[in-house]
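Step one of this worksheet: look at the structure below.
2 protein chains.
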Amino acid sequence: MVIAAIIACGVFAVLIAVFFTRSIRAIPIAEGAASPEEAQRVEEVTAAIAEGAMAFIAREYRTLGLFMLVFGFLIWMAVDNGFFTMLSFFIGAGCSMLAGYIGMRIATIGNGRAAAGARISLQRAFSIAFRSGAVMGFGLTGIAILGLIGVYIGLDALLPTIERHVLMEILSGFALGGSSVALFGRVGGGIYTKAADVGADLVGKVEAGIPEDDPRNPAVIADNVGDNVGDIAGMGADLFGSVAESTCAALVIGASAFRVVPSHMQEGALLFPILVNALGVLGSFVALFFARPKSEEHIENALKTVLIVATIIMAIVLYPITVALLPPTFTLEGSTRLYTNTGVYWSLLVGLLSGMLVGIVTEYYTAHRYRTVRAVAESSQTGAATNIIYGLALGYNSAVVPMLLLALTVVVGISFAGMYGIAIGALGMLSTIAIGLTIDAYGPVSDNAGGIAEMSHMGKEIRSRTDALDAAGNTTAAIGKGFAIGSAALTSLALTSAFLTRAKISPEQIGLTTPPVLAGLLIGGALPFAFSALTMRAVGKAAFDMIAEVRRQFREIQGLLEGKARADYRRCVDISTQASLRQMVAPGLLVILTPLVVGFLFGVHTLAGVLIGALVCGVMLATSMANAGAAWDNAKKYIEKGNYGGKGSDAHKAAVVGDTVGDPFKDTAGPSLNILIKLMAIISLVFVPFFVKYGGVLLK
Amino acid sequence: MVIAAIIACGVFAVLIAVFFTRSIRAIPIAEGAASPEEAQRVEEVTAAIAEGAMAFIAREYRTLGLFMLVFGFLIWMAVDNGFFTMLSFFIGAGCSMLAGYIGMRIATIGNGRAAAGARISLQRAFSIAFRSGAVMGFGLTGIAILGLIGVYIGLDALLPTIERHVLMEILSGFALGGSSVALFGRVGGGIYTKAADVGADLVGKVEAGIPEDDPRNPAVIADNVGDNVGDIAGMGADLFGSVAESTCAALVIGASAFRVVPSHMQEGALLFPILVNALGVLGSFVALFFARPKSEEHIENALKTVLIVATIIMAIVLYPITVALLPPTFTLEGSTRLYTNTGVYWSLLVGLLSGMLVGIVTEYYTAHRYRTVRAVAESSQTGAATNIIYGLALGYNSAVVPMLLLALTVVVGISFAGMYGIAIGALGMLSTIAIGLTIDAYGPVSDNAGGIAEMSHMGKEIRSRTDALDAAGNTTAAIGKGFAIGSAALTSLALTSAFLTRAKISPEQIGLTTPPVLAGLLIGGALPFAFSALTMRAVGKAAFDMIAEVRRQFREIQGLLEGKARADYRRCVDISTQASLRQMVAPGLLVILTPLVVGFLFGVHTLAGVLIGALVCGVMLATSMANAGAAWDNAKKYIEKGNYGGKGSDAHKAAVVGDTVGDPFKDTAGPSLNILIKLMAIISLVFVPFFVKYGGVLLK
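Chain order of the listed sequences is A and B.
Using my numbering, you'd call the opening residue of the first sequence number 26 and step up by one each time.
Using my numbering, you'd call the opening residue of the second sequence number 26 and step up by one each time.
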């Protein structure tokens, strides 16, 4: 029964995605174009972006495939039930890749149509961009749900006698697969998008003096591809990973907890975590109908309304389901304490509400409607240095309340439902993911639409409409990033809990001040800083390759700057792709090797410390980077609206410096930290048997 | 016997300070002056700086006195043996204030003489600056040792029947007193120095276009006063606090450990921590004789040699003393594990060597001899944004190895000597403090000498000599900051250990994943970010007051810019003083109230989590800020030497932005974090009885 319900919701999600895909594809590419020439230009630019995006994804997936084979083999060799874990791993990776591909595909179909649609009306353009986002949001969620339940059914059929908790441990390979794809999507994609952006800006805007999104700039297509690569595929893979990971963490802990549940309730209790995701599809679907902006000013509110509606629906729906499916009382592995099913509901609720509150706090610190961002804009009057100092201080400050909300969610979760409560809190936060991701993906599609309008010379009026769509997208993007970090933190804690449950370590055994744990905390605390240094410099190096290429084209292609010759866009896309994959090797190895090396050399206690230490510093750093970046961006926009001297003033020049510093902050280093804290935790969870058997060689 | 040895060393340290003071005072102020006019100018400028420094210290100490009375009363009321704890607190505060006063006094005497001495020879100037530093280093260490042993003797006489471990707990009030002064010195002083610096630079250099240290700039005296306030008094109070705190932590833990030691050994074992400090005076004294630079290039090496010699001497001397004084085996409170006296020696040694290695790593990341800083300089060619990104990345990276060294020290300490080992590791690191502080204080004296040479129009040749002295001082200042952070971290861990010992909490009771501890870790991790945001903005606000005043003087004082009228220096000093004391209220309250509120509301388990969480994030943030700041400074200097276009080039302008961002990083926000992590820990230690009795109201 529960399985049927889960499958039904998963299929429903996929059908929504298919329906919207068809409805967008049914629109002619340049439906509202003013002239056949304009239609042709829109088609050309759209095709170039789509081609670049697909070229990137083809190359990335090839590298990824090789990586998967090696890592899969390692899993097979090192872990109990390694073969089946490896299979789960491949399926998880495949599902995430499929979801990423679909998201990129629809975004590169919807972007041109949204630009052309803006000629008809604002609502038309909004509807196309929003539906493109929904394909991503619902498609990805559906694939995640069907993938998880599919692997569960498959393992159940292949290994009918296996214990449930072992089955769930094998299933966590699925999450590791999804998370490995996210490493490439977030870190590689993050480097790609900013290398292209910085390269396009520094040579095009600064050196050659041509405007943003000008077709003469050879890096302009790469820049637009980058928005899809980073904000669609990267964000999608990140959140796919979070959903799969928090679900698997809950499944692993729950399987131990519900071993003694009456048999007619067992399946429902066991699969409850997947059902929470499945129900989220329904709640998100209802919320879709509230996405009706009346005017340009109303877009942002419409998007926020959608989120709040989904949150309220989930808060109501989850209560009866939780009480009906879970046993009234239960205990957890290694403890005799009794927890209740209403306690599980409270954990879900606090996670759900925390997610929404993180969003509201993020908006307060990043929208230029509030005095926080305006103070950064004001500080630009005394130069770039004060702009940087105020932006950094804003970022640091903005991370405090989200961290306290995280602490609250953790305390409520553990108090009401032990380790299970943490995983459940993460699930609660992620239960609105279908609609959350819809709104996230709406942003880059609108952004691309603006770029296409510019490159196709569609005129000022159209550009101002797409700009209105994009501005709302910027704010929701910041909210989405805050949400992604918050859910990554909870997911990582949930995985750490599952890791400890699986390693049979009770809290008394990991005393805060014991040498292995304390050393682990200190080492873990250093990791986010080391990792951020690597990703920030990776952007610098990749951008340098791009700068050299753009300069070369300006120099060697005759008539390019006069608009008489065509730039070699493809070469820039190639260079960004290659550079990003090369530059992600070092940070990627740091993430993957740290848990393996620490677990092998120092054992599971130190590894637990490393995971928590990385989490504490990682959340603060990631949130402050994401919000400082968004605040610098919006402070610049606030000045461009005519404040403090407006565009071209000294204050504006200072604000541009902040914005440029903020780019790798908010789009590369910050979001990549999500991967650091989650991937280390899921690797630790999957490799537990290996660490227990062979780990801690240095301490023996 | 042990007491006599300690007193002898303490008196010896004070005598060295007195001797050097006399030898400097015996030099006429403008001994080497080229003309009577020059002599008069040097005297005038020196007097103005001294007057400003004393005005600041008088006002600061007045505010501090009021604060002490209130806080002392709170201690009296809230803590067992509150009256005597309050007395220790007052004496500790008094000793720290005295040490700070002496340091400031001698620095403002030595600075002018060093400038004038530079006319005679480089060695002459070096010798004056170095001896001024030694007055600070040895005077402060002597006062700390005599204060600690004096309070011990006094308490012993007043409370003859009291148990030793209770006596040591009362004694920890001394450390709290010292650390409270450090709050004002580091945070208030840090705000003062950068408000003056930024104010002087932004209006003087940028707006009015007059050179650095030009006497027409009304803020120039405040700027020079700031060097003394921040780098002498602030650094001194910080390290006085570290010495007192780590010693008290070791005394508290040791008193429980050595209760069962044979009575003839008891005093030696109990007072061993103070003796380690006392022996450090002798080792530092010997090292003094190695401070003989042969040429300008040789200054930095001479200073480093001095440090290494002191480290080697201490490594050798401490072994026989440790073995002779401590019992061959001992156990710690709440555990049956046997530790040995040689284990204590290993803890000392690792702390000692870690301190030196932190220094070497710091130098690698901050001196422009290495490719690390040169990469920041190179990145300035593409503008201020890349300069900022590379500087931040360098800072993040530079904190990794010090953190690993800290982890190593902690693991070795706990493994070989339990909680006692952590405190002992901190003592080991701080045992070379007399010579370390000598070198630290040498820097700002040389810096001031340069300023005086400029303001007294002594000519290019003299300025280039003082610049050579100052350049070596810059590098050693960076090393000193790294050392101060490392020792603050160990001290804070030592205090946390003592806090846990006193609260009778064993490691099993503070499981990493229990709700109170995990919540504490998360809250604690947020604190350094919140605190840094406060201090960074405090500098901005205080600088704004200064900017307004300098602009007013340029506007209202006729003939000032033409050099015909004299600026009102005193008013700028006043404004900096007032603004800094006002702006330190918010960060000060955050530091003091957090442990009190958390302990009262959530109890000691959460508080333990908060202390460790703040430590992990605080060390990373403080180290990265200090090193990024120093690297930006030196990248700018590297460009000024003619690289990448030299002074006035676009790369130089970009580097100036980085340097300005780095100023509050390295001189305010970074060092202030030392106080955050230490002061919260010592407050927790002193208020343990209160928390145990009344704490945790929300969780009851």
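Glycine residues also receive a C-beta, built at the ideal position from the N, C-alpha and C atoms.
All values derive from a computational prediction rather than experimental measurement.
Under three-state DSSP, which class holds residue i?
i, result
"R186 (chain A)", "The sequence given here has Thr at residue 186 (chain A), not Arg. DSSP places T186 (chain A) in coil when its eight states are reduced to three."
"F579 (chain A)", "helix"
"T367 (chain A)", "helix"
"F355 (chain A)", "strand"
"G671 (chain A)", "coil"
"G210 (chain B)", "helix"
"G484 (chain B)", "coil"
"G536 (chain A)", "strand"
"S309 (chain B)", "helix"
"S605 (chain B)", "helix"
"V286 (chain A)", "coil"
"D570 (chain B)", "helix"
"G158 (chain A)", "helix"
"D692 (chain B)", "helix"
"T330 (chain A)", "helix"
Just the C-alpha distance for residue i and residue j, rounded to the nearest angstrom, thanks.
i, j, result
"H190 (chain A)", "P612 (chain A)", "33 Å"
"R576 (chain B)", "I487 (chain A)", "47 Å"
"E552 (chain A)", "R562 (chain A)", "Sequence inspection shows Leu at residue 552 (chain A); the Glu mentioned does not correspond to that position. Rounded to the nearest angstrom, the two C-alpha atoms are 15 Å apart."
"R426 (chain B)", "I116 (chain B)", "One detail in the question is off: residue 426 (chain B) reads as Val in this sequence, not Arg. So the two alpha carbons sit approximately 37 Å from each other."
"A568 (chain A)", "I447 (chain A)", "40 Å"
"S531 (chain A)", "G359 (chain A)", "7 Å"
"L520 (chain B)", "L196 (chain B)", "13 Å"
"P714 (chain B)", "V629 (chain B)", "10 Å"
"F109 (chain A)", "Y86 (chain A)", "22 Å"
"V342 (chain A)", "S456 (chain A)", "11 Å"
"I504 (chain B)", "A282 (chain A)", "53 Å"
"P240 (chain A)", "T693 (chain A)", "25 Å"
"S267 (chain A)", "L417 (chain A)", "28 Å"
"I246 (chain B)", "A402 (chain A)", "31 Å"
Buried or exposed, going by whether 16 or more other CB atoms sit within 10 Å of the CB of residue i?
i, result
"I7 (chain B)", "What the structure shows of chain B is the stretch from 26 to 725, and residue 7 (chain B) is not part of that stretch, so it cannot be assessed."
"A275 (chain B)", "buried"
"A38 (chain B)", "buried"
"D248 (chain B)", "buried"
"G308 (chain A)", "buried"
"F151 (chain B)", "buried"
"F524 (chain B)", "buried"
"K566 (chain A)", "exposed"
"A139 (chain A)", "buried"
"F45 (chain A)", "buried"
"P298 (chain A)", "buried"
Heavy atom of the ligand ADP less than 7 Å from the Cβ of residue i, yes or no?
i, result
"L462 (chain A)", "Only the bare structure without any ligand can be found here, which leaves the ligand ADP out of the picture."
Check the Cβ-Cβ distances between residue i and every residue of chain C, and say whether any is below 8 Å.
i, result
"M561 (chain B)", "Looking at the structure shown, chain C is missing, and the protein chains on hand are A and B."
Using 8 Å as the threshold, is the segment 437-444 of chain A in touch with the segment 287-303 of chain A, meaning 3 or more CB pairs across them? With a cut-off of 8 Å, the segment 287-303 of chain A and the segment 437-444 of chain A do not count as touching, because too few Cβ pairs lie within range.
May I ask you to verify whether the segment 358-373 of chain B touches the segment 637-653 of chain B, counting CB pairs closer than 8 Å and requiring at least 3? no
To be precise: take each residue of the segment 525-548 of chain A, compare its Cβ to all Cβ atoms of chain B, and keep it if any distance is under 7 Å. Which residues remain? L525, P532, E533, I535, G536, L537, T538, T539, P540, V542, L543, A544, L546, L547, I548
In the segment 421-434 of chain B, which residues sit with their C-beta less than 7 Å from some C-beta in chain A, listed in chain order? Y421, N422, A424, V425, M428, L429, L431, A432
The segment 658-683 of chain A: which residues have C-beta closer than 7 Å to a C-beta of chain B, in chain order? Listed by position, the residues of the segment 658-683 of chain A near chain B (Cβ gap below 7 Å) are V682.
Which residues of the segment 622-644 of chain B have a Cβ closer than 8 Å to any Cβ of chain A? Give them in chain order. A633, G634, I637, G638, V641, C642, V644
State whether the segment 201-208 of chain B contacts the segment 115-131 of chain B, with contact taken as three or more CB pairs (one from each stretch) at a distance under 8 Å. Here the segment 201-208 of chain B lies against the segment 115-131 of chain B, with 3 or more beta-carbon pairs under 8 Å apart.
Determine, using beta-carbon pairs with one atom in the segment 91-98 of chain B and one in the segment 155-170 of chain B, whether at least three such pairs fall under 8 Å. no
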